[in-house]
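Structure, as structure tokens:
Numbering (this note's numbering), first residue to last: 1158 to 1351.
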């Protein structure tokens, strides 16, 4: 099943986790650490109150939103990095205050596209083609970094579709792995510019 189909069939928890996982993997671009989104992940568990999502989201935004100009600078590749940072900020800003709302499907889909675009921007081997074909199952010619992000998105949705809240731990593990990969890419790019 393609990523587009998985998103179309996902339930509320799967959609919220999918969007959150995409944001989580990209959070190093905003200076976030492994614990930054942990309260939101915890809110997806069966024992938590979905009504708390909005408050936890606002707290997270307060930690990650920075003064204007973050990530601005000069040098080769800096424009791509700035665009990637902007995309992460948009993902965070667009998150619905109610994770049970209809808007969560739109947010999850937008996060999927944004995360793939971010990985494409940061991957020197990536082509400039649209990410939509990969989301629809056509992955030929996709760079390794972007292809790995696509696989992670599929795994998160499949695990949650198959195990519900019981799949959250695996979804978090997949996101943690992706976050570390992106952090290493960002670090390499920074060293290359210095």
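Note that the Cβ used here is the ideal one computed from N, Cα and C, for glycine as well.
### Task
Round the Cβ separation of residue 1202 and residue 1322 to the nearest angstrom and send it over; I've been treating them as touching at under 8 angstroms.
Here residue 1202 corresponds to residue number 45 of the chain shown, with the count starting at 1. Here residue 1322 corresponds to residue number 165 of the chain shown, with the count starting at 1. Confirmed, Cβ separation roughly 6 angstroms.
#### Entry: Outcome for residue 1310 when other beta-carbon atoms lying within 10 angstroms are tallied against a minimum of 16
Against the chain shown, residue 1310 aligns to sequence position 153. Looking at its Cβ environment, which holds 16 or more other Cβ atoms inside 10 Å, residue 1310 is buried.
### Task
Please report how far the alpha carbon of residue 1254 lies from the alpha carbon of residue 1306, in whole angstroms.
Residue mapping note: residue 1254 aligns to position 97 of the chain shown, counting from 1. Residue mapping note: residue 1306 aligns to position 149 of the chain shown, counting from 1. So the two alpha carbons sit approximately 26 angstroms from each other.
### Residues near residue 1264 in its chain [Cβ-Cβ closer than 7 angstroms; skip 5 each side]
One-based indexing of the chain shown puts residue 1264 at position 107. Excluding residues within five positions, the ones whose Cβ falls inside 7 angstroms are 1176, 1251, 1252 and 1253.
### From 1161, 1275 and 1166, residue whose alpha carbon lies closest to that of residue 1186
Position 29 of the chain shown, counted from the first residue, corresponds to residue 1186. Of the candidates 1161, 1275 and 1166, the one whose C-alpha sits nearest the C-alpha of residue 1186 is 1275.
### Query
Is residue 1226 helix, strand or coil by DSSP?
For the purposes of this step, residue 1226 is taken as residue 69 along the chain shown, with counting starting at 1. Only weak support exists for where residue 1226 lies, its pLDDT of 36 falling under 50; the coordinates are left without a value.
### Task
For my contact list, residue 1182 and residue 1339 are in at a C-beta cut-off of 8 angstroms; report their separation, rounded to the angstrom.
The residue labelled residue 1182 in the question sits at position 25 within the chain shown. The residue labelled residue 1339 in the question sits at position 182 within the chain shown. So it is a contact: roughly 6 angstroms between Cβ atoms.
### Message
Taking a contact to mean a Cβ-Cβ separation below 9 angstroms, would you say residue 1314 touches residue 1163 in this structure?
### Response
If you number the chain shown from 1, residue 1314 lands on position 157. If you number the chain shown from 1, residue 1163 lands on position 6. In this structure, residue 1163 lies closer than 9 angstroms to residue 1314 by Cβ.
### Contacts around residue 1324, its chain only, beta-carbon distance under 7 angstroms, and the 5 residues preceding and following it disregarded
Sequence index remark: in the chain shown, residue 1324 carries index 167 (1-based). Excluding residues within five positions, the ones whose Cβ falls inside 7 angstroms are 1316 and 1317.
### Message
Quick check on the DSSP output: what are the complete beta strand (DSSP E) runs of length 3 or more inside the region 1244-1282, in order along the chain?
### Response
none
### Task
Could you tell me the distance, in whole angstroms, from the CA atom of residue 1280 to the CA atom of residue 1326?
Taking the first residue of the chain shown as position 1, residue 1280 is located at position 123. Taking the first residue of the chain shown as position 1, residue 1326 is located at position 169. Near 28 angstroms, if we compare the C-alpha coordinates of residue 1326 and residue 1280.
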